[in-house]
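These notes concern the structure reproduced below.
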Amino acid sequence: MRPQSTTETSPLQWGETFRDGSRRMVGNDQLRANLRNATETIRSKRDARAAETQNWEELRHAGAAIKRYSLDHLADLLEELEANVTANGGIVHWARDAHEANAIAYDIVARHQVDEVVKVKSMATQEIGLNEYFADRGIQAVETDLAELIVQLGNDHPSHVVVPAIHRNRSEVRDIFTDNFEDGNRPSSDDPRELTMRARTHLREKFLNAKVAISGANSMIADTGALSVYESEGNGRMCLTLPEVLISIVGIEKVIPTWQDAEVFTELLPRSATGEPMNPYTSWWTGVTPGDGPQEFHLILLDNGRTTVLADPLGRDALACIRCGACMNICPVYRMVGGHAYNSVYPGPIGAILTPQLLGAFEDGDPSATLPFASTLCGACYDVCPVKIDIPSILVELRRRSVESGAGSGSGWGTAMKASSEVMRSGRRLGAAEALLPLGRAVADKEGRITQLPWPVSSWTKSRDVPSPPTESFRRWMSRREKAER
Amino acid sequence: MRIAVFATCMGDAMFPQAPRATVTLLERLGHEVFFPRQQACCGQMHINTGYFEDALPLIKNHVKTFQPILDGAWDAIVVPSGSCTGSIKHQQAMVASKLGDQKLANRAAIIAENTYDLPLLLTDFLGIEDVGAYFPHSLTYHPTCHSMRITKVGDAPERLLSRVQGATVVPLPDAEQCCGFGGTFSLKYPEVSSALVSEKARAVASTGAEFLVADDYSCLMNISGRMSRLGIATQPLHLAEVLAGTRDHPFRREPAGTTLTTRGKA
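So the sequence lines, in the order shown, correspond to chains A and B.
Using the working numbering, read the first sequence as starting at 151 and increasing by one per residue.
Using the working numbering, read the second sequence as starting at 27 and increasing by one per residue.
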């Protein structure tokens, strides 16, 4: 199931284009059935929770406003956050890119001389490839979220930002656990309860022995220096309270001004992500408290392309994302191909705008530059986004940038677009071109169907018929009518 | 009312039955319909594919063609397509402004304000739900993405259809799911597009309706193109065609070549 990329470059981009990835995934019937069941369940729960929340649109509006304010005042809020985390006994590090963040985290772990750390599911650490970086240096980073554990043990990539194992069914999970769990703890069936209890036994030992934990955060509060994790299984709380050392690696866009702002996301996030009125565990931690919880706390603030995105007046909106995954659950394209087709830790509609921006990839030949084209622009993602990110408009803008940087120049698209622009810029030219349309009738079968056409519409007629052109255009019909009236 | 019609390039060249039915319907309701002959294309395909520069002459032509509305020559502009209306309302001014032509952007914005998708022209602008139509067939309605999410037609099409004498409206499963056309998306990612349209075609077939009705011939072309290949007998029809038929002048099928008819499995 792990994507086979020719060059393993970065977790943000595995090296394959969406075209190749989607082609490979779209034929996988089992995957499609898994995705369909899972996304439909989450979607209907999300819709029910949104519908029963009387001020849902006001909450969306508030969430959108808080995120935009925070992005507009990011530098000030981060400095305020740093001062408060430090005052609370935490240590703040700034990391420009993935390598810096990994190196800082590794130095801390190495100082404590452990060869295993426990982890709370985190997109930031996925994005920087922390597990792989640690593994190369002899340290095992153990994922403790059940789905993330399934992905990790299966030597797989996550397929979704909230439900990373969405593409797996229970019998696949049983096989993965059988291959990886110790004697006496191997599952005897694919019963979900048994599988979960086996994982629990496996993880209990890891929690109780861990000296160092690594987490991300759903938000950081500037005026108190507090961080939060929203989760469903209690594994996060175990990681955040049991070990002696806690390292939190968080994207700089996760900062919000005050506690009061956080309440909005406590309502928006679980409803949008899993369709629950509230997630089972919400943990907040503020620096270090003597005798309670980790006694050493490090916050690594991750840039990794974010300040570049921030400098872009339109594209920066992607940074408002709260990683709920609602856009993936509603996206018709995602549902057909799954997260792996996007070849990035950020799949789906938000990934299609975030990944190329974080990488600054708009050039022809760059696999990420094709991502903004991986959408029908149906607009469902914008409708469902809890913080109102206008993903379709950003997709179109990124397509424009891709085109203007020369992408697709060799493919014939530029020529086709220019030629059609010439024809479609006046009624006279379009009318003249329409006079040729009846020629199309010659290639139609006797029932008026065209079943094969040349490039670029050949890929259309592979699976669809085209009606033969009409005997008379609308323009000519109007002329004939007007003449008859005279 | 004096109403100018924008036929759209697809409607003009490939599916004239939609703008023709629009004209027939509006004239029957007592309005005067104008066809500004210089009109061509709204530019949606070029914009959505990222070719803003190539879209600009199209936007200029559209604005020039429909500029008389600024001087009160017409009361409204009607478009028998949700996605082209969406492009006029949400893309033309934006693209003109981005490419530095603010004067053009301002004009485009005023034209957009006076432009209506057919169902909204009827329900909101003309304030009419019962257009006196007669259509003795079963149909299922596909609420095309851009009608729903950009043009925001809401339930206007359903309200109009519920007043059509003789029509049986069968609900379409997963109606709000995209048909997978997406303009050039269907050419760039044909496998994904085909998988999506196959789902839509199967949903349409499951209704058993005689006709698949939508407010946009682009989506209809995509879905019916797949249905034709799969041997599904449901026929595509524009909302305007349903609303144009009356007891005295009932809906009549276009001659072969303008509408797909079914055939056996490919």
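All C-beta atoms, glycine included, are put in the ideal place defined by N, C-alpha and C.
About 19 Å separates the Cβ atoms of residue 137 of chain B and residue 179 of chain B, ruling out a contact at the 8 Å cut-off.
Taking a beta-carbon distance threshold of 8 Å, residue 260 of chain B does not count as an interface residue toward chain A.
By the CB criterion at 8 Å, residue 367 of chain A and residue 378 of chain A fall inside the cutoff.
In the DSSP assignment, residue 194 of chain B is bridged to B:164. Of the residues A:462, A:269, A:523 and A:567, the one whose Cα lies closest to the Cα of residue 291 of chain A is A:269. Here residue 262 of chain B carries a strand assignment [DSSP, helix/strand/coil].
A straight-line Cα-Cα distance of about 18 Å links residue 264 of chain A and residue 443 of chain A. Burial state of residue 186 of chain A is exposed, judged by a 10 Å Cβ sphere holding fewer than 16 other Cβ atoms. Between residue 258 of chain B and residue 223 of chain B, the gap from beta carbon to beta carbon reaches 8 Å or more. Taking C-beta separations shorter than 6 Å and ignoring five residues to either side along the sequence, the partners of residue 600 of chain A in its chain run 593, 594, 616 and 618, following chain order. Taking 8 Å as the upper bound for CB-CB distance, residue 143 of chain B and residue 111 of chain B are in contact here, some 4 Å apart. The Cβ of residue 113 of chain B sits no closer than 8 Å to any Cβ of chain A.
Under the Cβ criterion (8 Å, minimum of three pairs), the segment 215 to 233 of chain A does not count as touching the segment 420 to 428 of chain A. At a C-beta separation below 9 Å, residue 587 of chain A has these neighbours in chain B: 39 and 40. Contacts with chain A (Cβ-Cβ distance below 9 Å) from the segment 206 to 232 of chain B involve 206, 207, 208, 209, 210, 211, 212, 213, 214, 215, 216, 217, 218, 219, 220, 221, 222, 223, 224 and 225, listed in chain order. Nearest to residue 260 of chain B by C-alpha distance, out of B:164, B:205 and B:131, is B:164. Bounds of the beta strand (DSSP E) holding residue 431 of chain A are 431 to 436. Residues of chain B whose Cβ lies closer than 7 Å to the Cβ of residue 615 of chain A are, in chain order, 251, 254, 255 and 286.
Judged by their CB atoms, residue 133 of chain B and residue 93 of chain B are nearer to each other than the 8 Å cut-off. Sequence-distant partners of residue 91 of chain B (beyond 5 residues in either direction) whose C-beta falls short of 7 Å from its own C-beta, in its chain, are 62, 64 and 65. With a threshold of 16 other beta carbon atoms within 10 Å, residue 242 of chain B meets it and is buried.
If you draw a straight line from the Cα of residue 476 of chain A to the Cα of residue 534 of chain A, it is about 6 Å long. At a C-beta separation below 9 Å, residue 533 of chain A has these neighbours in chain B: 174 and 175. Contact annotation, residue 552 of chain A with residue 163 of chain A: C-beta distance approximately 15 Å; criterion of less than 8 Å not satisfied. Within a 10 Å sphere around the beta-carbon of residue 233 of chain B sit 16 or more other beta-carbons, which makes this residue buried.
If you check each beta-carbon in the segment 47 to 76 of chain B against every beta-carbon of chain A, the ones closer than 7 Å belong to 61, 63, 64, 65, 66, 67, 72, 73, 74, 75 and 76. Here residue 409 of chain A is exposed, its C-beta having fewer than 16 other C-beta atoms within 10 Å. Under DSSP, residue 243 of chain A forms a beta bridge with A:450.
Taking 8 Å as the Cβ-Cβ cut-off, the segment 479 to 492 of chain A approaches chain B at 482, 483, 486 and 487, given in chain order. Burial state of residue 515 of chain A is exposed, judged by a 10 Å Cβ sphere holding fewer than 16 other Cβ atoms. A distance below 8 Å between beta-carbons, with the five flanking residues on each side excluded, links residue 562 of chain A to the following residues of its chain, in chain order: 605 and 606. Using a Cβ-Cβ cut-off of 8 Å, residue 607 of chain A counts as an interface residue toward chain B, since at least one Cβ of chain B sits closer than that to its own.
Within chain A, the residues whose beta carbon sits less than 8 Å from that of residue 84 of chain B are 571, 574 and 575, listed in sequence order. Residue 214 of chain A and residue 502 of chain A have their C-alpha atoms some 20 Å from each other. Closest in alpha carbon position to residue 187 of chain B, among B:199, B:157 and B:177, is B:157.
When C-beta distances to chain A are compared with 7 Å, the residues of the segment 186 to 206 of chain B below that value are 203, 204 and 206, in chain order.
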